[in-house]
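Have a look at the structure below, then the notes.
Protein chains: 6
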Amino acid sequence: MTRAYERLNDQLRVIEMIPNYIMHPEGSVLVSFGDTKVICSASIEERVPPFLRGQGKGWVTAEYAMLPRATGTRNVRESSKGKVTGRTMEIQRLIGRALRSVIDLDALGERTIWVDCDVIQADGGTRTASITGAFTAVALAFEQLIQDEKLTKNPMTDFLAAISVGVSSDGEVLLDLDYNEDSAADVDMNVVMTGSAELVEVQGTGEEATFSRKEMNRMLDVAEIGIARLIEVQRDVIGEFAETIGQQQVAAWSSAAGEGNEK
Amino acid sequence: MTRAYERLNDQLRVIEMIPNYIMHPEGSVLVSFGDTKVICSASIEERVPPFLRGQGKGWVTAEYAMLPRATGTRNVRESSKGKVTGRTMEIQRLIGRALRSVIDLDALGERTIWVDCDVIQADGGTRTASITGAFTAVALAFEQLIQDEKLTKNPMTDFLAAISVGVSSDGEVLLDLDYNEDSAADVDMNVVMTGSAELVEVQGTGEEATFSRKEMNRMLDVAEIGIARLIEVQRDVIGEFAETIGQQQVAAWSSAAGEGNEK
Amino acid sequence: MTRAYERLNDQLRVIEMIPNYIMHPEGSVLVSFGDTKVICSASIEERVPPFLRGQGKGWVTAEYAMLPRATGTRNVRESSKGKVTGRTMEIQRLIGRALRSVIDLDALGERTIWVDCDVIQADGGTRTASITGAFTAVALAFEQLIQDEKLTKNPMTDFLAAISVGVSSDGEVLLDLDYNEDSAADVDMNVVMTGSAELVEVQGTGEEATFSRKEMNRMLDVAEIGIARLIEVQRDVIGEFAETIGQQQVAAWSSAAGEGNEK
Amino acid sequence: MTRAYERLNDQLRVIEMIPNYIMHPEGSVLVSFGDTKVICSASIEERVPPFLRGQGKGWVTAEYAMLPRATGTRNVRESSKGKVTGRTMEIQRLIGRALRSVIDLDALGERTIWVDCDVIQADGGTRTASITGAFTAVALAFEQLIQDEKLTKNPMTDFLAAISVGVSSDGEVLLDLDYNEDSAADVDMNVVMTGSAELVEVQGTGEEATFSRKEMNRMLDVAEIGIARLIEVQRDVIGEFAETIGQQQVAAWSSAAGEGNEK
Amino acid sequence: MTRAYERLNDQLRVIEMIPNYIMHPEGSVLVSFGDTKVICSASIEERVPPFLRGQGKGWVTAEYAMLPRATGTRNVRESSKGKVTGRTMEIQRLIGRALRSVIDLDALGERTIWVDCDVIQADGGTRTASITGAFTAVALAFEQLIQDEKLTKNPMTDFLAAISVGVSSDGEVLLDLDYNEDSAADVDMNVVMTGSAELVEVQGTGEEATFSRKEMNRMLDVAEIGIARLIEVQRDVIGEFAETIGQQQVAAWSSAAGEGNEK
Amino acid sequence: MTRAYERLNDQLRVIEMIPNYIMHPEGSVLVSFGDTKVICSASIEERVPPFLRGQGKGWVTAEYAMLPRATGTRNVRESSKGKVTGRTMEIQRLIGRALRSVIDLDALGERTIWVDCDVIQADGGTRTASITGAFTAVALAFEQLIQDEKLTKNPMTDFLAAISVGVSSDGEVLLDLDYNEDSAADVDMNVVMTGSAELVEVQGTGEEATFSRKEMNRMLDVAEIGIARLIEVQRDVIGEFAETIGQQQVAAWSSAAGEGNEK
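Keeping their order, the protein sequence lines are chains A, B, C, D, E and F. Count the first sequence with my numbering and you get residues 1 to 263, in order. Count the second sequence with my numbering and you get residues 264 to 526, in order. Count the third sequence with my numbering and you get residues 527 to 789, in order. Count the fourth sequence with my numbering and you get residues 790 to 1052, in order. Count the fifth sequence with my numbering and you get residues 1053 to 1315, in order. Count the sixth sequence with my numbering and you get residues 1316 to 1578, in order.
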């Protein structure tokens, strides 16, 4: 089987990020993983949700949506349905959790970062593109906060990116699946990793089959290749400000206290 | 008072339309009125709502939304609120009604055109940009239907565009108000017109003042100038296919039967 | 074509207002435009919505509903549907905006006027009857507030009434359309005007056709006749208290600040 | 303690019913129990809910609402809240169940009677006024159906009315409590009875106290007096058609099959 | 007709209560009336709803639900439907009202008792089992509060239990109907009584027939027998702490002030 | 650090399953993982959702909920909130997906298995207990279907169980975390595996830290131990019928076609 655009199995699609794509947010980016295109924005609100008030620490939360015709057939708008689907909730919880793992919430101070990931065109991998773009948008927003002298240091402790890997029906391990590949794959795994190649989140699912420990390991190997390349692109877009990431010495990791009872 | 970018009072902002901006819809366009940017798409569904079934005629309906951070301060997502605001409903009803006034629903046949207008950046005039862009997206979708031999003739009976006009607090009549001008204006009017300079919809509101018949007439004069210019841009984008608009001989206008009881 | 009850084209239906129709509200009226009957009430709440708190000014807001069997076929109750339709939202936003245009919100002080318009029988023109009746109910409530020494002056700056006009399919301009006329009309326009014949709101729609500038002007001429007559009826019902309307010297018009971002 | 308007303890308030109060429904009445006023209407729909289809029998269902300012302080509209309160649901289930007890659903045939009870002014006893008025509205609708030759016989098996009784804090048993009496009462009981003095529904509640078997019996005695008087008023309003009630020989009572699982 | 398990007409099913059935609530019980099984829990919250704040008195409220497959055919989950049915609301209002009739809310102090009744298996009588079990769970919670020295006296003024009675189609009066008996009964009545045999709530409904005063009295006689037996079981489960019930001298009964406007 | 009840790091809590715990469902079990207790039931519906109709294959779907007081502090009921939380949706999607991986939907035929997992007491691991118990309940339901001669063969292709593993803050890998351990853990991973030790789902999250590939491998090793033990317990409960699991020769795995667009 040959992949579209003659990609190798462990090769990403064309990755692009246009910084400051829209004018109002403190940070924004249009991220493309091939034909998948997501507008990611980071907005600063100078207060935190009730469960964190008065603790001197910040919060990062994310929302995710698709334009109705981002996909091959039109989806009913979630605002018309009057509710958010389970899939959307899963994705936005994942994006927020992943970002919080590389942001020192104490260093952020009592403010909230609202991340919005709006998919304008979908061709597989919308959640991984969203995480990767969201990281960049948040970095641009932090740069702005430091320029405005509201922050003295970048609260980011490391880089962060996400990629999908899978096992095709003929047993090949593929990196960054497009929609057709994803629909045909036996196993689908999303991996979120830091710039230090530490794992943040691993979600592997046998959609039409189970998978072995060996296949799992091979998928993680390939994911590492992709993550490293994505972080290179982030570094380019962020420019000099990239040097400030990870400078923060973190004594204790920030804990997701607000979700305690529900965990 | 001078306008931003040294515009004259009866001059539009920079108008741009990028056709086929996203790949899945049958027709799409990214329309800009200055810094206001809207993705308009037209999707074809091969059936009609229940109230029209079996009558051999089509339907056109529209939905409108803004990205949460299309504006200066972030808006709560309507899908999170679980309901669509009154403002959104007003706008999407207006877009659908306006488009139906220049589409021969009998000629369209039993299919629905779903128009989606998603504002990615807002600076005043989002509803007029949406109508103007939506007309173009629908034209591109009709071109596709004819190429696919699903339609033999373009069901559009005329061009259609929309523009805002207003009276500033110092009494000047302004065309195509940006957000700052709109916020400061005493009177605000949205005008939808056809290529034959016939009125389709007039909605004038004294937000901070009442207005006289004379002011109303002056506003309509200026609106006509803007509409004519917008239709030139549409003509450019649509290209040769523009020649097919209005060819349709319409014996009886299509009636908005489905809204009967509620009108 | 002859109109029902041998009305002339520029003649209203029989207009009646029964003041204090229900006993609990500070002001109430049962308004009839022919067979269209609406209970309008004005309730005083001694506080304002959050966006206005501490500014020393008041607010006026309106809600509109129909009994399920106010119409020829029964409508599903909006409380059963769990949501308010777009049409209802449009109408209640219009009623509130229109009333605010003739009420000095600074003179009102930090209190809210809740206007409820409940249609008990519908035969066309429910929104114009609602605005015209609501103005009267609010005047009665203000009279009560002054008697209770909570206000010293009437905050109303002018009279206000609303009427529909239209163009029939045979080209005649008609005043105050009943349901049958409205269903058959090519063009439908609602006009809200003050006692000084200034325009407050103009909403014209070509439901089955477009319309020319000339037709628009003819409709406005006829609307003025109707508005003047409606204000005579209001004056009768309000009695002596009518003298206090417009006494208020208004330096600056009250601005609809609360809707800023959404306008 | 003297009652308002010098009523005796076992005396009703002034009872009035204006038949055909609104023009569209098949049957309607404005019922007053003193200052409590309810518009009751009965609408015919020529089909039944899914759980009854194809069984040749009909259905009767009821909805109840209050105008926001029917009461001393304004209530939030249930359509704005997006849901119906528990109190409203209790009342509308009670009205429907009571009416079904005196209507032969087999004789009705496959059609639904939609009963709407809209309280325009409330002063205690809105649910009993609703049931009593609803019975009358339904009778008028049946008269219409027989005139239209859609029915040959009146499906009503008996008269039906409802009244409240209570025990005051000084131990007196009162008939037809107004709002002040109801608020001060220790015990509150709603009784629905037929023209043959059979019980259909008894709902007694010790709001601020418990009550003895003896008090319960005294309350039922007084309720019987009130019910008999209410049925006289119904008989007057219905006129000659009253003779057709109860003619129907009923072999087997109609069962509330549709609520089976939930009973 | 013989009853299942050879019960006499005035005999209860096997009644069981397992105290402290789940570990987290301050009080809990698994109550069985034959095959009907309900988990009742009482949770203490150290604050009251807004309408009671600052008055020094407490509140008791209840929620009721069934597992989807507590019944013979699976019910759709109310959380999936996005709303609570009318039947559920009726039952939870009844449970709360009944409990408040034997709890001195002043003696309780500014705290709320949340009662949860979750039916895990249903065979008729779920509401009466819920009230009877809820009383026990609340008593256990009060015992805990006294042990924790948050209360000095038990605020319960009397015992409380509930039972269903009915009239079968062959005219026999039955106690504690199971699902089959309930489905076949002509009349169905739920009775809530105190340890002093005073009535708290009587809800009788002719589901397929009306009923006479004589039948009503016979049903109340039989209900008294059942209530007395249920209170014996409660006394056993509560143990020594039962002695503290009713010690409280109550000058004035606590009034359900918060529901004033809605009563 | 010592674990509660002196457990070893790679030891499960006490695991119990009471089969046929409630009487109405085709299959049910009360599963306990220590103090975590979940009622799992499997209900058969003899039809499939619309997206599968006419394809001759079945469907398995799951719902998950907690009693309000299953936890240390009371949670608001999702039916009262009117919506299901993101966490609940994630869990119920996971349960359904996991079960479908070991059920041959073609062999099941056109029927739906509704799985309900209701947590009555929570102490960590509610989702893994739910999956493990749900598998057992479904097996019991299939046994019933075969006894009723609606199925000839068990459609289960393998056993299935789930367990949590984590890394404590002092770096130890723990099996089957209770609530306190889970709250304190740095990394949390849920693993779903088959009887053949193949992976079905892996969800690892660094809640307060990232994790290395090495730690991930150690967690999977320990999970395998737990899964094997859980399947022993399932085998005991299911009895002889366990022999029928995996007999089914599966040519092609059943595909989750219904979620296509959303995947």
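Just so it is clear, CB atoms sit at the ideal spot from N, CA and C, and this is done for glycine as well.
Exposed unless 16 or more other CB atoms sit within 10 angstroms - verdict on residue i
i	result
G359 of chain B	buried
V115 of chain A	buried
Y1320 of chain F	exposed
P1102 of chain E	exposed
G584 of chain C	buried
E1393 of chain F	buried
T1351 of chain F	buried
V465 of chain B	buried
Coarse secondary structure for residue i, derived from DSSP in three states
i	result
P282 of chain B	strand
K477 of chain B	helix
L988 of chain D	strand
L700 of chain C	strand
Q1462 of chain F	helix
Q1144 of chain E	helix
Q760 of chain C	helix
N979 of chain D	strand
V1011 of chain D	helix
T1388 of chain F	coil
E1233 of chain E	helix
T683 of chain C	coil
Same chain, Cβ closer than 6 Å to residue i, neighbours up to 5 away in sequence not counted
i	result
M1504 of chain F	V1480, G1519 and M1534
Y442 of chain B	D386 and G387
R1328 of chain F	F1348, G1349 and D1491
A1377 of chain F	Q1407, I1410, G1411 and V1430
Contact set for residue i: own chain, Cβ-Cβ below 7 Å, skip 5 residues either direction
i	result
T791 of chain D	none
V1285 of chain E	I1067 and M1069
Q1196 of chain E	E1078 and G1079
Y284 of chain B	S291, V292, L293 and I302
N601 of chain C	M592 and P594
Inter-residue CB distance, residue i and residue j (contact presumed, cutoff 8 Å)
i	j	result
C40 of chain A	S28 of chain A	7 Å
V1453 of chain F	A1357 of chain F	5 Å
S343 of chain B	V84 of chain A	7 Å
V200 of chain A	T1509 of chain F	At roughly 27 Å, the Cβ-Cβ gap does not stay under 8 Å, so V200 of chain A and T1509 of chain F are not in contact.
L493 of chain B	T389 of chain B	With a Cβ gap of about 15 Å, L493 of chain B and T389 of chain B do not count as contacting.
D186 of chain A	V167 of chain A	5 Å
Cβ-heavy atom distance, residue i to the ligand HEM, below 7 Å
i	result
G1124 of chain E	Ligands displayed in this structure: none; no statement on the ligand HEM is therefore possible.
Cβ pair count under 8 Å reaching 3, the segment 744 to 761 of chain C against the segment 697 to 707 of chain C: yes
Three or more C-beta pairs below 8 Å linking the segment 317 to 334 of chain B and the segment 368 to 382 of chain B: yes
Cβ pair count under 8 Å reaching 3, the segment 1289 to 1297 of chain E against the segment 1017 to 1034 of chain D: no
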